[in-house]
Amino acid sequence: MSQEPIQYAADLIRSARHLVILTGAGVSKESGVPTFREAMDGLWARYDPQQLATPHAFRANPQLVWEWYEWRRGLVSESMPNAGHMALALLEQLHPGDVLTVTQNVDDLHERAGSQDIVHLHGNIARNKCLDNCQGEPTLIENLDPTDQSVPPRCPYCGGMVRPDVVWFGETLPVHAINRAIEASQLCDVMLVVGTSGLVNPAAQLPMLAAQNGASIIEVNPDTTPITPLAKVKLTGASGELLPQVITALEG
Ligand code: OAD
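With the numbering used here, letter number 223 in the sequence shown gets 272, and the count goes up by one each step, no holes.
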């Protein structure tokens, strides 16, 4: 790579007709939302996913799991989009081609930054659904009964338990979300991969799929990941610092 990496990334993005932005927990870290796999402060370093993020865990100890998600909801609602989210929203606005953001994050920080076209592969932590999807998959519960003191609350349709609308280990991803992500990954000419460890499938396979179909991969991450060898450009560092520089280079 002869060019300076930021400029090279901007040039690749500028030339893309179809751009996919794939994000993971790292993009929200500078907003104060913890990542999962970082050694010191990742959630999975402090908590056991088998006790908190599986359907079995929820059925075994619904109160514990519900309260853990309530804690995470609190973190998300107190957080604000950071400069990385803002840069990605601006990129969607500025770019003449089509731009799709595919996120593994269950927060709404891309939406709050202004991104419009977003696929949430792993659900949305702010939403709830019936554990048994009694009215069909998914049975979203828009309004919980304010007088219901149960933890977790009760489904207004069947009286069963309400759970967060997120994807747990061992569950399949929402079909429309993964299908749209796969189609866009096959079609894109550039994929910008930001803040993901690239360890959780099927999301981790999307950059591979894009590269196999001829797309250039740009990775933004302070660490090396399984995606790094695929990347034409690696921007090593925090997305909140580097993505605004990419926007400046694009505008220049
Ligand atoms: P991980 O916690 O596995 O990885 C976070 C990545 O962000 C790491 O590669 C970090 O190096 C990187 N990172 C840290 N700070 C960053 C920063 N400021 N800017 C850019 N990158 C930074 O999170 P995910 O890859 O998103 O699934 O994890 C994938 C899935 O595993 C999650 O969606 C979640 C989890 O279990 C479910 O809950 C279903």
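For glycine and all other residues, C-beta sits at the position ideal for the given N, C-alpha and C.
Given a cut-off of 9 Å, decide if residue j and residue i are closer than it, judged by their beta-carbon atoms.
i    : j    : result
N270 : C237 : no
P213 : V155 : yes
V82  : V125 : yes
Y118 : V282 : no
G244 : A74  : yes
L140 : V242 : no
S326 : P256 : The requested residue 326 does not occur in the structure, where the chain is confined to residues 50 to 301.
S246 : L158 : no
A59  : A298 : yes
T150 : V168 : yes
V239 : A280 : no
T152 : T84  : no
L248 : A132 : no
L170 : A94  : no
Mind checking which residues open and close the alpha helix (DSSP H) that includes residue i?
i    : result
E36  : With the chain covering only 50 through 301, there is no way to say anything about residue 36.
D60  : 54-64
H105 : 104-109
G133 : 132-143
E160 : 158-162
Q261 : 255-261
Start and end of the beta strand (DSSP E) containing residue i?
i    : result
P213 : 211-215
N228 : From DSSP, N228 is part of no beta strand (DSSP E) but of the alpha helix (DSSP H) over 224-236.
A280 : Neither: A280 is in no beta strand (DSSP E) and is coded neither H nor E.
L149 : 147-152
L241 : 239-243
V249 : That residue, V249, is in no beta strand (DSSP E); it is neither H nor E in DSSP.
S128 : That residue, S128, is in no beta strand (DSSP E); it is neither H nor E in DSSP.
V269 : 265-269
Hey, out of the options, whose CA is closest to residue i's CA?
i    : options                : result
W120 : Y96, M135, A132, A136  : Y96
R66  : P130, L143, L124       : L143
I79  : K283, S128, T277       : The question names Ile, but residue 79 is Glu in the sequence shown. Of K283, S128, T277, the residue nearest in Cα terms is S128.
L193 : C207, V295, N177, I227 : N177
E232 : Q254, R203, A162       : Q254
C204 : F218, T152, R108, D181 : D181
G172 : S164, V215, T277, R161 : V215
W115 : L71, M240, A136, M210  : M210
P5   : A136, M89, C179        : Summary: the structure shown does not reach residue 5, with the chain confined to residues 50 through 301, and so no result is reported for it.
P201 : P251, L292, M135, A109 : A109
Q100 : G133, E268, W217       : W217
G123 : A175, A94, E290        : A175
C207 : R86, G219, I190        : I190
Go ahead and label residue i buried or exposed: buried means 16 or more other beta carbons lie within 10 angstroms of its beta carbon, across all protein chains shown.
i    : result
D272 : exposed
H225 : exposed
F107 : buried
A27  : Beyond the ends of the chain as shown, which are 50 and 301, falls residue 27; an answer cannot be given.
S51  : Low per-residue confidence applies at S51: pLDDT is 46, beneath 50, and the placement is therefore not dependable enough to give any value.
T47  : In the structure as shown, the chain begins at 50 and stops at 301. Residue 47 is therefore absent and cannot be evaluated.
S164 : buried
T274 : buried
P145 : exposed
S186 : Going by the sequence as given, residue 186 is Glu instead of Ser. Answer is exposed; the Cβ neighbour count stays below 16.
P223 : buried
A136 : buried
A230 : buried
Would you say residue i reaches chain D, if we count a Cβ-Cβ gap shorter than 9 Å as a contact?
i    : result
K283 : The chain labelled as chain D is not found in the depicted structure, where only one protein chain is given.
Which complete beta strand (DSSP E) runs does the segment 62-98 hold, if anything under 3 residues is left out? With a minimum length of 3 residues, the continuous beta strand (DSSP E) runs that stay inside the segment 62-98 are 67-72.
Threshold first: 3 residues or longer. Then list the beta strand (DSSP E) segments lying entirely within the segment 163-221, N to C. 167-169, 172-179, 211-215
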